[in-house]
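>
2 protein chains.
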Amino acid sequence: MFEVFEKYLRSKTQLTDEELEMIRAVSISRKLRKRQYLLQEGDVCRHDCFTSKGCLRSYRLGDDGDEHILRFGVENWWMADKESYNSGEPAKINIDALEDSEVILFTRDNFTMLVETIPNLRLFMEQLYSRAFDVSQNRIFTHISYSAEEKYNDFVKSYPNIFNRVPLHMIASYLGVSRETLSRVRNQYAQK
Amino acid sequence: MFEVFEKYLRSKTQLTDEELEMIRAVSISRKLRKRQYLLQEGDVCRHDCFTSKGCLRSYRLGDDGDEHILRFGVENWWMADKESYNSGEPAKINIDALEDSEVILFTRDNFTMLVETIPNLRLFMEQLYSRAFDVSQNRIFTHISYSAEEKYNDFVKSYPNIFNRVPLHMIASYLGVSRETLSRVRNQYAQK
DNA sequence: CGATTCTTTGAAAACAGTCAATCTGTGTGG
DNA sequence: CCACACAGATTGACTGTTTTCAAAGAATCG
Numbered sequence: 059m060f061e062v063f064e065k066y067l068r069s070k071t072q073l074t075d076e077e078l079e080m081i082r083a084v085s086i087s088r089k090l091r092k093r094q095y096l097l098q099e100g101d102v103c104r105h106d107c108f109t110s111k112g113c114l115r116s117y118r119l120g121d122d123g124d125e126h127i128l129r130f131g132v133e134n135w136w137m138a139d140k141e142s143y144n145s146g147e148p149a150k151i152n153i154d155a156l157e158d159s160e161v162i163l164f165t166r167d168n169f170t171m172l173v174e175t176i177p178n179l180r181l182f183m184e185q186l187y188s189r190a191f192d193v194s195q196n197r198i199f200t201h202i203s204y205s206a207e208e209k210y211n212d213f214v215k216s217y218p219n220i221f222n223r224v225p226l227h228m229i230a231s232y233l234g235v236s237r238e239t240l241s242r243v244r245n246q247y248a249q250k
Numbered sequence: 059m060f061e062v063f064e065k066y067l068r069s070k071t072q073l074t075d076e077e078l079e080m081i082r083a084v085s086i087s088r089k090l091r092k093r094q095y096l097l098q099e100g101d102v103c104r105h106d107c108f109t110s111k112g113c114l115r116s117y118r119l120g121d122d123g124d125e126h127i128l129r130f131g132v133e134n135w136w137m138a139d140k141e142s143y144n145s146g147e148p149a150k151i152n153i154d155a156l157e158d159s160e161v162i163l164f165t166r167d168n169f170t171m172l173v174e175t176i177p178n179l180r181l182f183m184e185q186l187y188s189r190a191f192d193v194s195q196n197r198i199f200t201h202i203s204y205s206a207e208e209k210y211n212d213f214v215k216s217y218p219n220i221f222n223r224v225p226l227h228m229i230a231s232y233l234g235v236s237r238e239t240l241s242r243v244r245n246q247y248a249q250k
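As you go down the protein sequences, you meet chains A and B in turn. Heads up: the first sequence at position 97 corresponds to 155 in our numbering, and the numbers run straight through without jumps. Heads up: the second sequence at position 159 corresponds to 217 in our numbering, and the numbers run straight through without jumps.
This is the structure:
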């Protein structure tokens with residue numbers, strides 16, 4: 059299971075075999091069944107999670123009690139509640155598997171040790187964080203300026219591999235519109 | 059003008075006098091008149107900007123041509139188009155002053171030199187970035203799960219110092235609702 | 001096949017946006 | 001000091017979009 063992660067790292071970084079072995083040594087491989095939790099609200103997020111196979115999502119419950127999907131994560135995506143992971147506070151979000159999945163986990167202590175020992179890994183992770191931030195900022199822009207239809211089209215364009223893989227009502231949740239609205243938006247769009 | 063920034067750093071970090079002097083040496087102090095641009099769409103964002111006095115905003119134009127406010131920045135807040143700053147690509151956003159302001163600027167090269175030389179500064183900036191990311195993620199949650207009224211109340215609660223300082227129609231833009239809707243929402247709320 | 005999950009559709013209600021007019025306060029120039 | 005312009009906020013009437021509720025039609029899975 060580590061092979062996928064190793065391939066990912068080799069394609070994105072210039073790590074040596076020794077460094078990769080060091081990473082492997084502290085990695086934790088896990089299988090997740092569909093619908094299985096990786097993190098539950100109230101627990102502390104103790105791991106950063108790389109998805110080597112399958113599909114995860116993170117979501118948070120609203121006051122009304124329904125699920126609002128924050129992110130999806132497929133192969134080669136990272137997933138964690140960074141807020142809880144960094145602060146040690148209980149997580150406000152849940153993470154679960156939408157498909158049978160395989161993940162690589164790292165405890166915070168181990169991962170901190172790795173980035174402090176391996177400069178190229180630190181560099182890579184910093185690039186990753188700043189791109190994650192940019193993505194987040196761009197998503198805010200879509201929310202304050204796009205209509206439901208524009209948000210859907212943008213999503214399909216940006217994440218074709220996710221959109222044809224997760225149920226539509228979850229995309230609706232991710233976009234912040236009702237499933238009925240998204241269904242209508244999409245069918246009107248198909249007619250054009 | 060550097061004093062405000064120095065005070066900020068002293069309160070948040072354990073930097074030595076030598077380190078602070080090193081930072082000061084590469085800092086650029088600028089005054090901005092109200093309505094003056096710090097960054098215009100299409101230009102490359104060459105500086106990270108600390109606001110020591112006044113109020114800035116960043117915004118991006120929609121296809122329709124109107125302004126969508128991404129962030130406000132008052133005293134002790136940082137402001138930049140990180141995407142352009144890191145990539146060297148032209149900025150998609152604008153930054154301008156809502157009040158006569160004073161800012162401290164750092165070029166990317168200088169700031170990189172600083173964080174690589176001063177471990178405590180690096181640590182502090184990393185904490186800053188991760189909190190900025192958390193804030194960003196939480197804002198996405200408000201956009202997918204809150205109504206206009208809830209978004210307004212949340213904003214007032216989270217940023218009391220900004221809400222009583224910038225025009226209402228800009229808060230509306232920030233929240234992604236029309237100024238008329240926000241005006242109504244707020245007056246209904248006042249009646250309770 | 002039966003159960004569950006997912007998607008679609010219709011009709012009504014709630015919500016938010018647009019357009020236009022008015023009101024308010026502020027500041028500038030004569 | 002006044003008149004005027006200007007930016008900001010509010011209100012009303014109307015339109016359009018989105019949600020909600022309810023039902024029914026696909027698709028999937030054990």
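A virtual CB, placed ideally from N, CA and C, is assigned to each residue, including glycine.
1) Could you compute how far the alpha carbon of V102 (chain B) sits from the alpha carbon of E160 (chain B)?
2) What in chain B is Cβ-close to Y210 (chain A), meaning under 7 Å?
3) Take Y210 (chain B) and list the residues in its own chain whose beta-carbon comes closer than 7 Å to its own, dropping the five residues that flank it on each side.
4) Among the candidates A:L67, A:P177, A:E125, whose CA atom is the shortest distance from the CA of L78 (chain A)?
5) Measure the C-alpha to C-alpha separation of V132 (chain A) and C113 (chain A) and round it to an integer number of angstroms.
6) Please report how far the alpha carbon of E99 (chain A) lies from the alpha carbon of R129 (chain B), in whole angstroms.
7) Could you check what DSSP says for N134 (chain A) in three-state terms: helix, strand or coil?
8) Along the stretch 192-206 of chain A, where does the CB come closer than 7 Å to a CB of chain B? Name the residues.
9) Taking the alpha helix (DSSP H) that K140 (chain B) belongs to, which residues open and close that run?
10) Can you check whether the C-beta of R118 (chain A) is within less than 8 Å of a C-beta belonging to chain B?
11) For a contact meaning CB atoms closer than 7 Å, what does L128 (chain A) contact in chain B?
12) From the beta carbon of S188 (chain B), is the nearest beta carbon of chain A less than 8 Å away?
13) Which residue marks the beginning of the alpha helix (DSSP H) containing H65 (chain B), and which one marks its end?
14) The stretch 139-155 of chain B: which residues have C-beta closer than 8 Å to a C-beta of chain A, in chain order?
15) Does DSSP put N211 (chain B) in a helix, in a strand, or in coil?
16) List the DSSP bridge partners of Q118 (chain A).
17) When you compare only the Cα positions, how much space is there between F191 (chain B) and S194 (chain A)?
18) Could you say which of B:M183, B:I127, B:S205 lies nearest to V224 (chain B) if we only look at CA atoms?
19) Relative to chain A, which residues along the stretch 85-112 of chain B have a C-beta separation below 9 Å, given in chain order?
20) Check whether the Cβ of G131 (chain A) lies closer than 8 Å to any Cβ atom in chain B.
21) What in chain B is Cβ-close to G234 (chain A), meaning under 8 Å?
22) Taking the CB atoms as reference points, tell me whether R118 (chain B) and I151 (chain B) lie closer together than 8 Å.
23) What did DSSP end up calling L172 (chain A) once you bin it into helix, strand or coil?
24) For R91 (chain B) versus T165 (chain B), is the C-beta distance shorter than 8 Å?
25) Suppose you measure from the CA of Y143 (chain B) to the CA of Q246 (chain B); what does that come to, to the nearest Å?
26) Inspect the beta-carbon positions of D106 (chain B) and F199 (chain B) and report whether they are closer than 8 Å.
27) If we count the other Cβ atoms within 10 Å of its Cβ and call it buried at 16 or more, is K215 (chain A) buried or exposed?
28) Could you give the distance in angstroms between the alpha-carbon of W135 (chain B) and the alpha-carbon of T109 (chain B)?
29) Report all residues from its chain with a CB closer than 8 Å to the CB of N178 (chain A); omit the five preceding and five following residues, and keep chain order.
30) What's the gap between the Cα of R22 (chain B) and the Cα of L156 (chain B)?
31) Could you work out which residue in B:R180, B:D158, B:E184, B:K140 is closest to R189 (chain A) when comparing CA atoms only?
32) Return the CA-CA distance between I176 (chain B) and M59 (chain B), expressed in angstroms with no decimal places.
33) Quick check on Y95 (chain A): buried or exposed, where buried means 16 or more other Cβ atoms within 10 Å of its Cβ?
For this structure:
1) C-alpha separation (whole angstroms): 21 Å.
2) One finds nothing in chain B with a Cβ atom closer than 7 Å to the Cβ of Y210 (chain A); even the nearest lies about 14 Å away.
3) Excluding sequence neighbours, Y210 (chain B) sits near L233, L240, V243, R244.
4) Of the candidates A:L67, A:P177, A:E125, the residue whose Cα lies closest to the Cα of L78 (chain A) is A:L67.
5) For the pair V132 (chain A) and C113 (chain A), the Cα-to-Cα distance works out to about 4 Å.
6) E99 (chain A) and R129 (chain B): Cα-Cα distance of roughly 29 Å.
7) DSSP places N134 (chain A) outside both helix and strand once states are collapsed to three, so it counts as coil.
8) Listed in sequence order: D192, S194, Q195, R197, I198, F199, H201, I202, S203.
9) That run of the alpha helix (DSSP H) goes 140-145.
10) For R118 (chain A), the closest Cβ of chain B is nearer than 8 Å.
11) Within chain B, Q195, I198, F199 have C-beta atoms less than 7 Å from the C-beta of L128 (chain A), given in sequence order.
12) Chain A places a beta carbon closer than 8 Å to that of S188 (chain B), counting this residue as a contact.
13) Looking at the sequence shown, residue 65 (chain B) is not His but Lys. First-last of the alpha helix (DSSP H) with K65 (chain B): 60-70.
14) Per Cβ criterion, the list reads K140, E141, N144.
15) Assignment of N211 (chain B) by DSSP, reduced to helix, strand and coil, places it in the helix class.
16) The sequence shown places Arg at residue 118 (chain A), not Gln. DSSP output for R118 (chain A) lists A:H126 as bridge partner(s).
17) Answer to the nearest angstrom: the Cα atoms are 8 Å apart.
18) It is B:I127.
19) Residues passing the 9 Å Cβ filter: none.
20) No - not a single Cβ of chain B is within 8 Å of the one on G131 (chain A).
21) Against chain B, a Cβ distance below 8 Å from G234 (chain A) picks out H201, I202, S203.
22) Note that the C-beta distance between R118 (chain B) and I151 (chain B) is below 8 Å.
23) Note: L172 (chain A) maps to helix in three-state DSSP.
24) Their beta carbons are not under 8 Å apart, which means R91 (chain B) does not touch T165 (chain B) by this criterion.
25) Rounded to the nearest angstrom, the two C-alpha atoms are 42 Å apart.
26) Taking 8 Å as the Cβ cut-off, D106 (chain B) and F199 (chain B) do not qualify as a contacting pair.
27) Exposed: under 16 other Cβ atoms inside 10 Å.
28) Each residue's alpha carbon lies about 6 Å from the other.
29) Apart from sequence neighbours up to five positions away, the residues of its chain that approach N178 (chain A) with a beta-carbon distance below 8 Å are T71, Q72, L73, E77, ordered along the chain.
30) Because chain B is modelled from 59 through 250, residue 22 (chain B) falls outside the range shown and cannot be assessed.
31) Nearest C-alpha to R189 (chain A): B:K140.
32) Taking the straight line joining both Cα atoms gives about 22 Å.
33) Exposed.
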